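Student:
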């Protein structure tokens, strides 16, 4: 399911217009700073937990050595925070 299909399904299920459904989806999932609820919380170092579904969080990735695939040269990859999702038990069992 892509974003367009999600908007259409949300509009059908909740009996709202597709324009309103698109606003809801954008408000939750947008990655533009200050617009998306999930991304905004993660950017601030927080986490978003949705009961029975799962938890969005950030995880620290340590610095490590990597290899440039074009040249084969060894390079240092800096430490960074990366987004992660952990599915809840209910979601795992339902699949």
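In our numbering, the protein residues as written are 72 to 166.
Ideal Cβ placement from N, Cα and C applies to all residues, glycine included.
Computed from a predicted structure; not experimentally measured.
(1) List the endpoints of the continuous beta strand (DSSP E) containing residue 75.
(2) Per the DSSP calculation, residue 163 is bridged to which residue(s)?
(3) Using a 10 Å radius around the Cβ and a threshold of 16 neighbouring Cβ atoms, would you call residue 109 buried or exposed?
(4) Using a Cβ distance threshold of 8 Å, determine whether the stretch 128-136 contacts the stretch 145-153, with at least three qualifying pairs required.
(5) Suppose contacts are defined by Cβ-Cβ distances below 8 Å. Is residue 78 in contact with residue 96 by that definition?
(6) Kindly indicate which three-state DSSP category residue 144 falls into: helix, strand or coil?
(7) Assuming residue 48 contacts residue 128 (C-beta within less than 8 Å), just tell me the rounded distance between them.
Tutor: Reading off the structure:
(1) From DSSP, residue 75 is part of no beta strand (DSSP E) but of the alpha helix (DSSP H) over 74-85.
(2) Looking at the DSSP assignment, residue 163 forms no beta bridge with any residue, so it has no partner.
(3) Classification for residue 109: buried.
(4) Yes, the stretch 128-136 touches the stretch 145-153.
(5) Between residue 78 and residue 96, the CB-CB gap stays under 8 Å.
(6) Coil at residue 144, not helix or strand.
(7) Limits of the chain in this structure are 72 at one end and 166 at the other, which puts residue 48 out of reach.
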